[in-house]
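Take a look at the structure below.
2 protein chains.
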Amino acid sequence: MRNDSRLSRMLHVLIHMDRHQDAATSEMIAKMLNTNPVVVRRTMAGLREEGYVRSEKGHGGGWRLARPLSEITLLDVYNALGEPHLFAIGPADDQPQCLVEQAVNAVLADAMKKAEALLLRRLGGVTLEKIAAEFEAKMTARSAAAYSCAS
Amino acid sequence: MRNDSRLSRMLHVLIHMDRHQDAATSEMIAKMLNTNPVVVRRTMAGLREEGYVRSEKGHGGGWRLARPLSEITLLDVYNALGEPHLFAIGPADDQPQCLVEQAVNAVLADAMKKAEALLLRRLGGVTLEKIAAEFEAKMTARSAAAYSCAS
DNA sequence: GTAATTTGTAACAAGACAAGTGACATGAGT
DNA sequence: ACTCATGTCACTTGTCTTGTTACAAATTAC
């Protein structure tokens with residue numbers, strides 16, 4: 125559990141959801157991700173609130189895409205997850221009195237801000253459809269559906 | 125304790141160490157950082173091994189800079205700390221079988237790698253002397269040494 | 001209308017990791 | 001010898017994602 129893997133997991137799931145029509149239950153998705161149905165619901169809740177997926181209770185229920193992959197960027201998913209902390213490092217004190225510490229924090233914050241901006245800009249520039257297309261390319265190259273997990 | 129603040133703390137300490145000649149004990153430094161002497165020794169150990177500071181036991185002992193600030197970049201300090209994890213996010217699985225997951229991870233890893241490269245390049249381009257100079261500028265502007273913590 | 005299925009949610013344990021803390025050995029100066 | 005200071009081990013604490021159990025609520029099937 126070293127990293128926050130929610131973004132990675134949700135991207136993975138959304139693309140799979142696009143590849144079969146019918147609703148996917150939390151249990152199916154959990155098996156795909158090697159995790160627990162409750163974790164799935166918890167994490168997907170953010171995506172539902174932002175309108176990227178829908179969920180239905182009862183028989184035949186489960187999760188469905190609510191938008192085409194072409195209209196969802198990686199940044200959208202990141203935002204829907206509540207914009208989790210990107211960095212593992214940070215200042216020791218957010219409001220230091222010491223001017224030296226302020227100067228140190230300013231330099232670090234600036235560098236991190238620039239790096240974060242670059243990362244988010246990249247996430248915003250890639251749609252899920254693009255990743256799906258890359259996958260399709262690999263698939264036809266190998267012509268072997270078995271490589272895709274649980275699909 | 126939300127973030128790993130070792131880099132921020134060490135930069136702060138090194139600049140202060142340059143401002144007074146005599147050795148600084150772990151206890152003095154700990155007070156400055158609002159922490160514990162053991163934490164200070166633990167964290168400074170990496171800097172000592174890389175030759176940026178020296179430590180001496182016994183009376184009059186403590187920590188001293190072993191190099192001028194102009195020869196230490198923020199990246200040097202980061203590396204000396206053992207290159208802690210920069211990002212809080214990451215893939216769910218490092219060696220996934222699923223091609224979809226592989227495609228997702230590849231895109232994320234690429235974006236993160238670029239952001240990391242940018243960040244490290246920036247850290248490598250700034251010496252501690254430069255931060256100290258920024259501090260001096262502020263100081264003369266305010267002409268009030270009291271703003272600096274414990275110095 | 002009762003049973004089966006599936007989400008929604010709360011509550012809590014596990015795991016990881018930096019940070020905090022206490023204890024004690026080691027070395028250096030007075 | 002005594003004091004000061006580092007070096008290091010062992011353990012606890014705080015925080016955050018995950019994992020898990022339990023149960024209510026909604027929806028479909030028989």
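Going down the list, the protein sequences come from chains A and B. Converting from the first sequence to my numbering requires adding 124 to each position, the first position being numbered 1. Converting from the second sequence to my numbering requires adding 124 to each position, the first position being numbered 1. Don't be surprised by glycine CBs; every beta carbon is placed ideally from N, CA and C.
Considering only C-alpha positions, which residue in the set the options is nearest to residue i?
| i | options | result |
| --- | --- | --- |
| Phe187 (chain A) | A:His209, A:Asp234, A:Asp142 and A:Tyr202 | As written in the sequence, residue 187 (chain A) is Trp, which differs from the Phe given in the question. Closest option to Trp187 (chain A), Cα to Cα, is A:Asp142. |
| Gly182 (chain B) | B:Met236, B:Ser150 and B:Asp217 | B:Ser150 |
| Ala233 (chain B) | A:Arg172, A:Asn160, A:Leu198 and A:Gly175 | A:Leu198 |
| Arg133 (chain B) | B:Glu258, B:Thr167 and B:Ala147 | B:Thr167 |
| Gln145 (chain A) | A:Leu171, A:Asp128, A:Arg165 and A:Val177 | A:Val177 |
| Gly184 (chain B) | B:Ala169, B:Ala148, B:Glu207 and B:Phe211 | B:Ala148 |
| Asn127 (chain B) | A:His209, A:Leu171 and A:Ser179 | A:His209 |
| Glu173 (chain B) | B:Thr264, B:Pro161, B:Asn160 and B:Leu189 | B:Leu189 |
| Ala261 (chain B) | A:Met156, A:Val224 and A:Leu157 | A:Val224 |
| Glu258 (chain A) | B:Ile255, B:Leu138 and B:Val228 | B:Val228 |
| Arg165 (chain A) | A:Pro192, A:Leu205 and A:Arg245 | A:Leu205 |
| Leu131 (chain B) | B:Lys237, B:Leu252, B:Ser194 and B:Glu180 | B:Leu252 |
| Pro220 (chain A) | A:Phe211, A:Ala256, A:Ala230 and A:Ser194 | A:Ala230 |
| Leu135 (chain A) | A:Arg245, A:Lys254 and A:Ala265 | A:Lys254 |
| Ala235 (chain A) | B:Ala235, B:Leu243 and B:Met236 | B:Leu243 |
| Asp217 (chain B) | A:Met156, A:Ile139 and A:Ala169 | A:Met156 |
| Ser194 (chain A) | A:Lys237, A:Ala169, A:Ile139 and A:Ser179 | A:Ile139 |
| Tyr202 (chain B) | B:Glu180, B:Leu171 and B:Arg191 | B:Leu171 |
| Leu222 (chain A) | B:Met263, B:Arg191, B:Glu180 and B:Ser179 | Position check: residue 222 (chain A) holds Cys in this sequence, whereas Leu was assumed. It is B:Met263. |
| Phe211 (chain B) | B:Pro192, B:Arg191, B:Ile196 and B:Lys237 | B:Lys237 |
| Ser179 (chain B) | B:Ile153, B:Ala265 and B:Ile213 | B:Ile153 |
Please compile the residues from chain B whose C-beta is within a distance smaller than 7 Å of the C-beta of residue i.
| i | result |
| --- | --- |
| Glu258 (chain A) | Ala227 |
| Ala265 (chain A) | Here the premise fails: no neighbours, minimum Cβ distance about 10 Å. |
Starting from the beta carbon of residue i, find every residue of chain B whose beta carbon is closer than 9 Å, and list them in chain order.
| i | result |
| --- | --- |
| Ala216 (chain A) | Asn127, Ser129, Arg130, Ser132, Arg133, His136, Leu157, Asn158 and Thr159 |
By the 10 Å Cβ neighbour count, where 16 or more other Cβ atoms means buried, how is residue i classified, buried or exposed?
| i | result |
| --- | --- |
| Ala241 (chain B) | exposed |
| Pro215 (chain B) | buried |
| Glu249 (chain A) | Per the sequence shown, the amino acid found at residue 249 (chain A) is Gly instead of Glu. Gly249 (chain A) should be labelled exposed. |
| Ser129 (chain B) | buried |
| Gly175 (chain B) | exposed |
| Asp200 (chain B) | buried |
| Asn160 (chain B) | exposed |
| Glu207 (chain B) | exposed |
| Met125 (chain B) | exposed |
| Gln226 (chain B) | buried |
| Arg246 (chain B) | buried |
| Ala239 (chain A) | buried |
| Val137 (chain A) | buried |
| Ala256 (chain B) | buried |
| Ala265 (chain A) | exposed |
Run down chain A in chain order and give the residues with a C-beta less than 9 Å from the C-beta of residue i.
| i | result |
| --- | --- |
| Val164 (chain B) | Per Cβ cutoff of 9 Å: no residues; Val164 (chain B) is ~12 Å from chain A at best. |
Just to make sure I have the definition right: I need the residues of chain A whose C-beta is within less than 7 Å of the C-beta of residue i. Which are they?
| i | result |
| --- | --- |
| Ala235 (chain B) | Leu243, Arg246 and Leu247 |
Cβ closer than 8 Å: which chain A residues qualify as neighbours of residue i?
| i | result |
| --- | --- |
| Ala239 (chain B) | Ala239, Glu240, Leu242, Leu243 and Arg246 |
Open item on the list: For the segment 168-179 of chain A, list every residue whose C-beta sits within 9 Å of some C-beta in chain B, in sequence order.
Closed with: Those residues of the segment 168-179 of chain A that come within reach of chain B (Cβ to Cβ, closer than 9 Å) do not exist; the list is empty.
Open item on the list: Against chain B, which members of the segment 182-203 of chain A pass a CB distance test of less than 9 Å?
Closed with: Listed by position, the residues of the segment 182-203 of chain A near chain B (Cβ gap below 9 Å) are Leu198 and Tyr202.
Task: Positions along the segment 127-154 of chain B whose CB lies within less than 7 Å of some CB in chain A - done: Answer in chain order: Asn127, Asp128, Ser129, Leu131, Ser132, Arg133, Leu135, His136, Ile139 and His140.
Open item on the list: Just to confirm the assignment: which complete beta strand (DSSP E) runs, minimum length 3, are found wholly within the segment 174-202 of chain B?
Closed with: The segment 174-202 of chain B contains these whole beta strand (DSSP E) runs: 177-180 and 186-189.
Task: beta strand (DSSP E) runs wholly inside the segment 194-250 of chain B, at least 3 long, in chain order - done: Taking 3 residues as the minimum length, the segment 194-250 of chain B contains no beta strand (DSSP E) run wholly inside it.
TODO: Give, in chain order, every unbroken run of the alpha helix (DSSP H) that is at least 4 residues long and sits entirely within the segment 150-175 of chain A.
DONE: Complete alpha helix (DSSP H) runs here, min 4: 150-157 and 161-173.
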